[in-house]
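One structure is given here, and the rest of the page talks about it.
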Amino acid sequence: MKFGIVVFPGSNCDRDSFHVPTKVCGQEAVYLWHKDADLKGVDCVILPGGFSYGDYLRCGAIAKQSPVMKSVIEHAKSGGYVIGICNGFQVLTESGLLPGVLMRNTSLTFICKYIQVKVNNKTPWTNKYDAGEVITLPIAHNEGNYFCDEVTLRRLESNGQIAFKYHGENPNGALADIAGITNEKGNVLGLMPHPERISELILGGTDGLRVFESIISTKK
Amino acid sequence: MDQNTKVTPEIVKKHGLSEQEYERLKKALGDREPNITELGIFSVMWSEHCSYKSSKVHLKKLPTTGPHVVQGPGENAGIVDIGDGLCVAFKMESHNHPSFIEPFQGAATGVGGILRDVFTMGARPIANLNSIRFGSPDNAKTPYLLKGVVAGIAHYGNCMGIPTVGGEVVFDECYNGNNLVNAFTAGIVKKGDIFKGFASGVGNPVIYIGSKTGRDGIHGATMASDVFGGGNEERRPTVQVGDPFTEKLLLEACLEAMKSDAIVGIQDMGAAGLTSSSFEMASRAGTGIDMDLDKVPLRETGMTPYEIMLSESQERMLAVTHVGREKEIIDIFKKWDLDAEVVGIVTDDGIMRVRQKGKVVCELPIAPLVHAAPVYERPIKKPGWQDKVQKLDLKKIAEPKNYNDTFKKLIGSPNLACKSWVYRQYDHMVGTDTVVLPGSDAAVMRIKGTNKAVALTVDCNSRWCYLDPYWGSAHAIAENARNLVASGARPLAVTDCLNFGNPERAEIMWQFEQSCLGMSEGCKQFGTPIVSGNVSFYNETGKDAIYPTPAVGMVGVIDDISKHTTQFFKDTGDVVILLGVNTNELGGSEYLKQIHNKIAGNPPHLDFEREKSLHKAVLAAIGRGIVKSAHDISDGGLAVALAECCMQDNCKMIGAEVKLEDDVRSDALLFSEAPSRIILSCSGKDADLLLTIAKSFGCPANIIGSVGGDKLKIGDLIDVGLKDIYGLWSESIKKIVS
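Residue numbers (this note's numbering), protein chains in the order written: chain A, 77 to 296; chain B, 61 to 798.
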């Protein structure tokens, strides 16, 4: 599978998101510059964590205006895979590819720590996990408090779009313990935790690796 | 200051120059009066902060060379060789004064400055650490300063995407009027790709890069060279405002530009901005610079030469490229949406000539300005109170009746408590290299594409430095080395931030001299030269100076990443082994202060040979792959160290039961901070081998107990459930701010 990692000014998990698909999973990957609309024929776009455009205005709000995002939106609408991690999740909700918003953590502070999440394995991004499996992933964000209206929440639940739910402790006040959701078709995933940070044993575990392995396995 | 402002004796005084210094200045100019811009430039270049005029004679005594040193002090950062063609560039720098005046921006720009120092040398930063010190937890200003400083460090480091992986947080009354913020950055650079701040090659263009110049931070360096009186809030405009987003672009653009061979030299604009960067670059190369201020990107109109030259606006760099290559470099910066303009040209006359609107507004000979900077041998006098505070009669210290209560009080005291409230606000995992997270003895960072890792630590016991600056400072070196060894790393080199009071007082200079001598001896003993650092004087408010605080940062290398260690006990049934000797020394301990309200005595005895044999033994055992955990004993002593082996910040806990049979009074046995001791654990089958290895290096070693259960039991003195102490330990810092 060919991955494309978008580089916005202020992205800072771009190199981490490049490392896992290539060095750990042995796949092909290219960087996609924000001013460039060409997606270089990638199968899966990664919107990495960081502070795109300095998080000025609102996290992800300026990124959605960039030339590359127009192509990413088209790619998603035609069924192409897109994953937004942390700041990438914020870009996805701002762009309308995913419903809802990410507000400031209820603690009003940045939080970096390991948390537990429960996985819904009925998505293309989680098919390598067991049903209801509880895994450990790191979070690192200031605005991860997911919110949406009630109708949307019911739709997310009934469609099985909630891919990850915080388990035990809800670190940021997210509605219904939501840590990550997909779009209706399932080809777009946004999540606050960082699977790329826990995909190698030397970093303390591989609980995040199966997100990448799941999506790679969908390619025939 | 308008260019036509007349230079009067009063103006000279306001610029912090003494009469003698002003005479010296005129002489350096060939017996003429400076204009106002020139005076401003001299005042910052000759400020304590930039010129090291009071410290230079002492700093010269520090060991700065070694077989692995690639770059010693004098450049933007020090560099050591770690093999495989790779180097670590690192430095620690203070941002104390600005952080007291405006904690958030002061701390944030401290991080920004040290990051620039490292990437200007061509290194990609891999980790930040910091040493931060505040007044007493119940001082009215402490919560505000603590919250602001931590949020500022988080703001800058997190946005830059450089993990903040370790450090120290200390509370003491002596910092009530002067908190300390010392920021450390380490980066990795290939040996052949190092850049330096040289303005070489006559005719080469000088390029200004990064943020536009504004009116912020003017005279920051001068402010940092004075004591605090009343009305510090008025100095707020001297504190710079940081923009980590711009710096992130600057980092990526610089590293991209450095891949070409077009850049001759590059330096960041830190203290004294455009002035110090241009002077230092030309001075190192023995050249001059002709600069046109009309080309400098400005944030607002109407800025005078004085303001432009002295602005400390952040996120700016100065580069010299080969002639004809400027466009390709400028294009890279434009790609990253940064300003980049040719503002000058390298000349051969050794003169800094600055023009605005066609007129020369400053014409200064560079060598005299830099080399004729005053150097002072300040008077030195041992304080009258020094011997008195060292007196301690243990017979008069009553032993506690209930050690469980004493232990609980200590484990919940802010200096010994878990610092997770602080480091959870720092992104410590970005970059996916952090192998050992904050909370253990040293942070361990893997280097992708190799089998190696770098271990990093920052430490200093300033109470010991107050009681005995020589030995306190030697201890700071020893403890850093011990921290690295406990993680499995070989100590390599040191950076330091020397935070002291007013150097014009003989007692302060005595502390400073003693501290340099003690550090020097420590560095020689452990083969860890000092390759970078800075000095921060005038950390005093009114008559109260801070404790002498030589914060030390140390870098070590682990050749085989699979052989790294953390401090945490792992498995039930493992054997606990104590390396080193327990003693009756309680001088300067946290126990004495917290329980007996006493700051007295001598720091514990430091025997370099014993310490070195400990290091060899621990590294050999870790190298054999039989050590499951290793933790050095320091603040709070053996009892606190054992608790720290049992508890992790994520509620993970495993108990231990130990028995101690030393002939030592009970409070000293539990809480003495005597050095040269490390607690190891290993599986039972490896215990004999571990003891044999220790003994082969002449290091005393004894099995003291085993891992398991949900309690910490130490002989018949302490018996506490881990669940009962976890809350005390983990919530203590949070309580200060809420």
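In this text, a Cβ means the ideal position worked out from N, Cα and C, and glycines have one as well.
- Fewer than three beta-carbon pairs drawn from the region 332–352 of chain B and the region 187–207 of chain B are found closer than 8 angstroms, and the two stretches are therefore not classed as touching.
- Per DSSP, A:M77 has no beta bridge partner at all.
- If you keep only unbroken beta strand (DSSP E) runs of at least 3 residues inside the region 595–643 of chain B, you get 609–618 and 635–639.
- Interface residue (Cβ-Cβ distance to chain B less than 9 angstroms): A:H95 is classified as such.
- For the alpha helix (DSSP H) assignment, the uninterrupted runs of no fewer than 4 residues enclosed by the region 459–501 of chain B are, from N- to C-terminal side, 463–471 and 480–483.
- Taking a cut-off of 8 angstroms for Cβ pairs, the region 288–296 of chain A and the region 361–370 of chain B do not touch, as fewer than three such pairs fall below it.
- Around A:L279, the beta-carbon contacts reaching into chain B at under 9 angstroms are M489, T492, D493, T494, V495 and R506.
- Checking the DSSP bridge columns, you'll see B:E135 partnered with B:P133.
- Looking at the DSSP output, B:G227 bridges to B:N190.
- Rounded to whole angstroms, A:F223 and A:C120 show a C-alpha spacing of 26 angstroms.
- DSSP, reduced to helix, strand and coil, places B:F244 within a strand of the structure shown.
- Using beta-carbon distances, A:N88 counts as an interface residue toward chain B, with a partner under 9 angstroms.
- According to DSSP, B:T65 shares a beta bridge with no other residue.
- Shown here for B:R415: same chain residues with a beta carbon closer than 6 angstroms to its own, the five before and five after excluded, namely D352 in chain order.
- Looking at the DSSP output, A:H217 shares a beta bridge with A:I187.
- A contact between stretches requires three or more CB pairs, one per stretch, nearer than 8 angstroms, and the region 301–312 of chain B meets this requirement with the region 173–185 of chain B.
- Residue pairing of B:E153 in beta bridges, as defined by DSSP: B:A243.
- Along the region 264–277 of chain A, the positions whose C-beta sits under 9 angstroms from a C-beta of chain B are H270, E272, R273, I274, S275 and E276, read in chain order.
- Per DSSP, reduced to three states, the secondary structure at B:S741 is strand.
- Residues are counted here when their Cβ sits less than 8 angstroms from a Cβ of chain B; for the region 183–208 of chain A these are T185, F186, I187, C188, K189 and Y190, given in chain order.
- For the C-beta of B:N218, the chain A residues within less than 7 angstroms are, from N- to C-terminus, F186.
- Across the set B:G602, B:R438 and B:A677, the C-alpha of B:A677 shows the shortest separation from the C-alpha of B:E669.
- Contact between the region 427–439 of chain B and the region 741–756 of chain B is not established, with fewer than three Cβ pairs separated by less than 8 angstroms.
- Across the region 110–130 of chain A, CB contacts with chain B closer than 7 angstroms involve G126, F127 and G130, in sequence order along the chain.
- Taken atom to atom, the span from the alpha-carbon of B:V641 to that of B:P443 is near 33 angstroms.
- Distance check between B:D748 and each of B:I763, B:V403 and B:G212 places B:I763 closest, using alpha-carbon atoms only.
- In summary, B:N511 is exposed, with fewer than 16 beta-carbon neighbours lying within 10 Å of its beta-carbon over all protein chains present.
- Contact with chain B is absent for A:A105, since none of that chain's Cβ atoms lies less than 9 angstroms from the residue's Cβ.
- Put simply, the CB of B:N710 is near chain A, with a gap under 9 angstroms to one of its CB atoms.
- For B:N540, the uninterrupted alpha helix (DSSP H) run begins and ends at P529 to A546, by DSSP.
- Beta-bridge partners of A:G281 (DSSP): A:E276.
- Around the beta carbon of B:A566, a 10 Å sphere encloses fewer than 16 other beta carbons of the protein chains shown; the residue is thus reported as exposed.
- Contact between B:D493 and B:K508 holds, with the beta-carbon distance rounding to 7 angstroms and staying under 8 angstroms.
- Interface annotation for the region 209–229 of chain A against chain B: P214 and A216, criterion Cβ-Cβ distance under 7 angstroms.
- Cα atoms of B:N594 and B:V612: separation of roughly 11 angstroms, rounded to the nearest angstrom.
- At least one beta carbon of chain A lies nearer than 9 angstroms to the beta carbon of B:T306.
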